[in-house]
Structures are given as C-alpha cells and as structure tokens.
Amino acid sequence: MEPVPLKRLSPRVYAWVGAGGGTNAGVIIGEHGVAVVDALLTPTAGRNLRERIRAVTPLPVRFLVNTHYHGDHTFGNQAFAAEAVIVGHRRAREGLLRFGAEQLDFFRRRQPLLAAEFDRVRLTPPDLTVDPGCTLHLGGLEVELHYVGPAHTDGDLVVWVPGEGVLFAGDVVFNGWFPTASEADIDGWVRALGELRRYSARIVVPGHGPPAGPDILATLQEYFETVRAGVAAARARGLSVEEAVAAVGVGGLVEWQGRDRHAALVRRLWEKLPTSRRG
C-alpha cells in the first residue's frame, strides 16, 4: 500500500485522508509529543501512517485515540502499541474485545485481496478507557476527547483541538459517502451532531471522506432528520419496508456515493418501528 501524504490542516494538525472514501486518521503535534487519531485498517497501513508522522516531526507518539471499535479504525493499533498509550471509550474497548474476530471476518469477505494483512492483525484494544472523556496535554496544546454516543456506535469519541479549531469526528461524520448505520442509534446520532454544531470548529475531519467546514454537521443532521421523517411518513401511508426504501429520498445528498447505505438506513429505521405499526 502506498502511504497517503499527510494533509496539513493547521500549523500543528494533519490528516491522513483515505482514498475513495477510505478511513481517515489524524496527527496532532504538541511541544512534548504527538497524538494520533485512529490507526487505519491494517498493520501495514498503521506503519505507513507512523512513517508519515516521522517525516513531519521527530517527536514521539504519546497517545493513539480510537474513535470507536470498528476494524478500519483499530486494526492498525499494533503499529503504535510499543510507544503510545492507546485511548478509547470503555465501550470501544469492550466492542473490540467482543466483536473483533467478527470484524476481521467481515473485512476478509469485503476485501479478500487483503486477507494476508488481516491474518497479521493482533487485536489491540485501548490500554486506557475514558467515560465520558478526558483532556490530553501535549505541551502547549490541549486535545479534548468527548463521548458523544450512542450514535454510529455506542462508544463514539470525537477529538477536539480547540486551539487549532479542528474536530476529528470519527464515523459520527461522513462526507461524500453515505454513512454506515448497521448498529447505529439514529436519534442519538442526530443529538450528537447537534452537540458538535455548538463547537467552534473551523475544520471537521470525518471518519470517511474529505475534511470539510462546520456546515457538514448540519448537512448530515438534516439528512438523518429527513430520512427519519420519510420513514415515519411511509409507515403512515401503509407502505411496506421495500416500498419505503424506494420512496424515501436522500435530500440534498444526491451526489454522495454508496447509495446502498441509504437503503440500509431506511431499513434500520423501519426495524425500530413498533411491529404493529409497520407495513
């Protein structure tokens, strides 16, 4: 895998932006060390990220923050385990320990060309768990970890760098790609986006897709609200779930990719309806 160049977002903050909607990561540099946000999908990707960090600073990586437990954000953890404290919400640790093997099987099926990489994964959960959050002190720069779940998962952390105006939102935010919601709490996700809109973020780094301005938070919140209302309206009209999938639109996200995820979101919202009120 060819290492992705780090994108400089501010004098002390960089992002690794995954190609084709792949996983993003973050690099935050203080006077005394570095905090990394997410470790990518494979041990090789994690090592490539570490090499890119060494190209921009000689300082050690002191912390690796997992925004949630999913393998595309945690399977690279082992590349940092020897030097960094791995931090995550307690539910993210629980999720990786409980569902890590299942996640490996999922990604093997999804990306069979990386099977050898997945065979090298050693599940490496957070060493330090937080609930609801904490502040990392890197020397002249504070990095705030905030629990905003349940949303995309029940253990979502965001990483806020107020001194730089940069928010690493993990998979609470997608940009250009429809969000995955197989285990999501949509009501909680809407609330979380509302909370993040109160931050004074200049740049929002999503879990997938290019960094954006703060308007992406409202865009995604409005999308969820539109779909939620559309599913309720379809139910009131007596439609079946597949008729609802066909009827509920994507709002202003017509250019976004991964339309099958939109259909999955409609089905997930439908599953949450009381049985007696479904079509």
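Numbers given in our numbering equal positions in the sequence shown, counted from 1, plus 1050. Built from N, CA and C at the ideal position, the CB exists for glycine as well. Predicted model, so just to flag it, every value in this text is computed and none were measured.
The Cβ neighbour count for His1082, taken over all protein chains shown within 10 Å, is under 16; the residue is labelled exposed. Restricting attention to beta strand (DSSP E) runs no shorter than 3 residues, the region 1235 to 1284 encloses them at 1253 to 1255, ordered along the chain. With a contact defined as Cβ atoms closer than 8 Å, Leu1114 and Ala1134 qualify at about 5 Å.
When Gly1068, Gly1302, Val1291 and Leu1303 are compared, the shortest CA-CA separation from Arg1318 is found for Val1291. The C-alpha of Gly1076 is placed about 12 Å away from the C-alpha of His1258. In this chain, the beta strand (DSSP E) harbouring Gly1138 covers Val1135 to His1139. In the three-state scheme derived from DSSP, where H, G and I count as helix and E and B as strand, Gly1213 is classed as coil.
Within the same chain, Cβ atoms closer than 8 Å to the Cβ of Pro1055 are found at Arg1102, the five residues on either side in sequence being excluded. For Gln1161, the three-state secondary structure derived from DSSP is coil. For the region 1301 to 1325, the full-length alpha helix (DSSP H) segments reaching 4 residues or more read 1309 to 1321 along the chain. Take the alpha-carbon of Gly1126 and the one of Gly1288: they are about 46 Å apart.
In this chain, His1120 is not harboured by any alpha helix (DSSP H), its DSSP state being neither H nor E. In the DSSP assignment, Phe1156 is bridged to no other residue.
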